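Heads up, the sequence shown is in the working numbering, so the first residue is 3 and it goes up one at a time.
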Amino acid sequence: MRASAVSAMLSRRRCFAAAANRIRPLARAFCDAPASRADAAPGGVPGSQDRTQEVGGVKAAPDVLDVAIVGGGMVGLAVACALSNMPLTKNLRVAIIDSNPALKSRNYLTKSSIPDARVSTVTPATISFFKEIGAWEHVQQQRHAFFGKMQVWDYTGLGYTRYNARDVGKEYLGCVVENKVLCNSLLLRLQKELDDIESVIYPTRLVSLTFPSKSRQARMKPTSSEPLSADHSTEELHCSNLVKLDLSDGRSLYSKLVIGADGSKSNVRQIAGIKTTGWNYPQSAIICTVEHVMENDCAWQRFLPSGPIALLPIGDNFSNIVWTMSPEESLRHKSMSPEEFVMSLNRALDFGYGPHPRSNALDHFMEKFFSGTGNTAASTKESFEVPPKATGVVSERMAFPLSLMHSHDYVSKRLALVGDAAHTVHPLAGQGVNLGFGDAAALAKVIAEGVSVGSDVGDLTLLQQYEKDRKAANVAMTAVLDGFQKIYSVDFGPLNVARAAAFHGAQYISPLKRNIISYAMGDTKWPIFS
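In structure tokens, the structure reads:
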């Protein structure tokens with residue numbers, strides 16, 4: 003070979019090497035944003051969010067994330083808060099995608115205002131989770147109402163059950179908190195934990211998701227001898243194995259894991275093609291805030307022919323109403339005058355539809371018979387009480403249709419569903435949001451376990467651990483609540499007697515009573531003596 007030809011070849015190789023040296027840092031600049039908090043945790047993407055769309059007049063690549071949470075409601079915020087609070091996951095690059103302007107509110111909400119009608123009854127298990135992630139201290143600075151007693155009864159007057167936190171050695175059965183207080187508390191905790199919370203929240207909507215495919219990755223992967231070209235841009239090479247999220251403001255993100263926390267009509271679930279099973283109930287729920295002459299410290303629930311009505315303490319002299327009825331009746335009650343509504347409400351909680359339960363010979367027999375079965379529960383000897391009367395309705399009355407829905411799958415590669423995006427249940431026991439918070443805690447734990455061993459946080463095998471942990475428990479609770487809805491929606495003599503027997507059993511069989519309380523509080527995963 004001539005010397006001139008060798009010289010030319012070496013020159014070309016030096017040019018290719020120089021070009022490669024220029025391209026490598028450029029590739030890193032495109033897909034690894036500069037750090038704003040700290041280096042990423044093991045298994046995470048180095049760096050942090052950088053929303054700069056242009057660098058030196060050149061359009062920059064989309065942000066690259068470890069976890070993109072679609073939905074900034076209570077459950078989505080809980081996932082973000084849990085991840086930011088654990089040492090193994092606190093440096094993962096996380097984004098919350100939600101256009102709700104309420105996410106900009108980060109001050110304590112005043113206790114002097116009228117309570118909002120949208121509330122949640124959080125269980126001791128949920129409260130423990132909030133304490134673990136540092137959010138409960140912020141709830142305590144805002145309005146909330148613990149309750150240690152609960153009474154449940156049937157409109158037929160054939161039976162009732164009283165529950166008391168002392169039955170299981172606890173201080174309270176649950177706590178009623180406005181949804182906006184729960185969201186605000188999680189945001190305040192995130193703000194305290196992060197250097198720049200604004201860099202985490204994307205105030206926009208998800209338009210589309212593009213999941214990686216093997217054929218797409220193969221097309222984008224050049225051979226070792228193939229030079230980089232326009233067809234194989236550095237952005238595509240580095241992001242081809244991630245989920246692409248296109249947002250309504252024109253931006254795009256890439257993420258190792260997408261978490262759908264966007265409610266029962268989840269856009270994420272629908273785009274991913276995950277099927278669901280469910281049905282609409284022939285019922286709607288009216289919710290509102292009412293006022294009493296004195297403070298209410300008990301949760302009350304009465305089963306009526308049209309569905310259950312609940313009166314829940316929310317602090318001071320206020321209570322929250324969740325009243326299930328037919329869609330036609332809900333429209334009628336929404337359009338009533340405040341005076342007419344209060345009159346109908348007090349009738350439904352007191353003497354309407356049937357008499358008060360009265361002690362009879364069967365009660366005395368069961369109390370005596372089961373008193374020898376072990377340590378008698380404190381509430382066994384408590385008599386039926388009439389709920390406090392409402393004196394006025396002080397909030398807007400809202401109505402919403404009721405349904406049951408359960409996703410066939412909670413996860414797929416690089417995707418996980420939580421909360422109402424994965425399951426919705428009847429509100430008769432107030433368990434819906436607690437199931438969602440259980441999802442949030444379990445998913446964050448699984449992600450942390452994956453990071454600890456260097457796994458990809460979007461790996462399907464890893465995510466299936468979350469599905470295995472939560473799916474069976476959620477299905478069990480869904481079945482229990484659906485069963486209650488069906489059993490208490492039928493006015494039939496023999497069935498009424500069976501319901502009365504169930505009330506008597508729950509009232510006087512102390513082991514059964516304790517098991518029901520523990521299951522409702524979230525202390526046990528299964529409804530039968532777990």
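C-beta: ideal position from N, C-alpha, C; glycine also.
None of the values given here were measured: they were computed from a predicted structure.
Q: Please look up how many angstroms separate the CB atoms of Asp65 and Leu255, rounded, as I've assumed it's under 8 Å.
A: 5 Å
Q. By DSSP, does Asp299 sit in helix, in strand, or in coil?
A. coil
(Q) Please classify Asn109 as buried or exposed, where buried requires at least 16 neighbouring CB atoms within 10 angstroms. (A) The residue is exposed, with fewer than 16 neighbouring Cβ atoms inside 10 Å.
Q. Does the Cβ of Gly524 have 16 or more other Cβ atoms within 10 Å, making it buried, or fewer, making it exposed?
A. buried
Q) Name the DSSP bridge partner or partners of Lys534? A) Outside the shown range of the chain (3 to 532) lies residue 534, about which nothing can therefore be said.
Q) Is the CB-CB distance between Asp68 and Leu259 below 8 Å? A) yes
Q: For my contact list, Ala82 and Val96 are in at a C-beta cut-off of 8 Å; report their separation, rounded to the angstrom.
A: Rounded, the Cβ-Cβ distance is 6 Å, consistent with contact.
(Q) In whole angstroms, give me the CA-to-CA distance for Ala503 and Phe353. (A) 21 Å
Q.
Helix, strand or coil, according to DSSP, for Pro205 in the structure here?
A. coil
Q.
Could you pull the DSSP bridge partners for Asp65 from this structure?
A. Leu255
Q: Report yes if the C-beta distance between Asp484 and Phe305 is below 8 Å; otherwise report no.
A: no
Q: Have a look at Leu514 and Gly507 and give me their C-alpha separation to the nearest angstrom.
A: Spanning the two alpha carbons is a distance of roughly 8 Å.
Q: In the DSSP assignment, find the alpha helix (DSSP H) that holds Gly432 and state where it starts and stops.
A: That residue, Gly432, is in no alpha helix (DSSP H); it is neither H nor E in DSSP.
Q) Looking at the structure shown, is Ile273 part of a helix, part of a strand, or coil, going by DSSP? A) helix
Q.
According to DSSP, simplified to helix, strand and coil, what is Gln487?
A. helix
Q | As assigned by DSSP and simplified to three states, the class of Met407 | A | strand
Q) Using the C-alpha atoms, what's the distance from Ser512 back to Asn377? A) 7 Å
(Q) Can you list, in chain order, the residues of its chain with a C-beta nearer than 7 Å to that of Gln433? Leave out the 5 residues immediately preceding and following it. (A) Val427, Met479 and Leu483
Q) For Leu497, is the classification buried or exposed, using 16 other Cβ atoms within 10 angstroms of its Cβ as the cut-off for buried? A) Label assigned to Leu497: exposed.
**Q.** Own chain, CB closer than 7 Å to Asp550, minus 5 neighbours either side, in chain order
**A.** Residue numbering for the chain in the displayed model covers 3 to 532; residue 550 lies beyond these limits and cannot be assessed.
Q. Would the beta-carbon of Ala127 fall within 8 Å of that of Asp264?
A. Asp264 is positioned such that its CB atom lies no closer than 8 Å to that of Ala127.
Q: Rank Lys151, Pro403, Val72 and Glu293 by C-alpha distance to the C-alpha of Thr393 and give the top, closest one.
A: Glu293
Q: List the whole-angstrom C-beta distance separating Val183 from Val141, where the pair is believed to meet the contact cut-off of C-beta under 8 Å.
A: Taking a contact as a CB-CB distance under 8 Å, the pair Val183 and Val141 counts as one, their CB atoms being some 6 Å apart.
(Q) Can you tell me whether Ala70 is helix, strand or coil according to DSSP? (A) strand
Q) In the DSSP assignment, what residue or residues form a beta bridge with Glu180? A) Note: Glu180 sits in a beta bridge opposite Val121.
Q: Work out the CA separation of Asn319 and Thr463 for me, nearest whole Å.
A: 50 Å
Q: Specify the secondary structure class of Pro389 as computed by DSSP and reduced to three states.
A: coil
Q) Which same chain residues, not among the five before or five after Lys391, have their C-beta less than 6 Å away from its C-beta? A) Asn348
Q: Measuring alpha carbon to alpha carbon, tell me which of Thr91, Val77 and Val72 ends up nearest Gly456.
A: Thr91
(Q) Here's a check: name, in chain order, each residue in its chain whose Cβ is nearer than 6 Å to the Cβ of Ser286, leaving out the five neighbours to either side. (A) Pro329, Ser332, Ala401 and Pro403
**Q.** Straight-line gap, Pro389 to Asp461 (C-alpha atoms, nearest Å)
**A.** 52 Å
Q. So Lys2 is in the beta strand (DSSP E); what residue range does that whole segment cover?
A. The chain is shown only over 3 to 532; residue 2 falls outside these bounds and no answer can be derived.
Q.
Considering Cα atoms alone, identify which of Pro310, Ser257 and Arg416 is closest to Cys241.
A. Among Pro310, Ser257 and Arg416, the Cα nearest to that of Cys241 belongs to Ser257.
Q | Inter-residue Cα distance where the pair is Ile449 and Ala167 | A | 34 Å
Q. Which residues bound the alpha helix (DSSP H) around Pro513?
A. Ser512 to Met523
Q) So which of Phe131, Val202, Arg253 and Gly309 has the shortest CA-CA distance to Leu105? A) Val202
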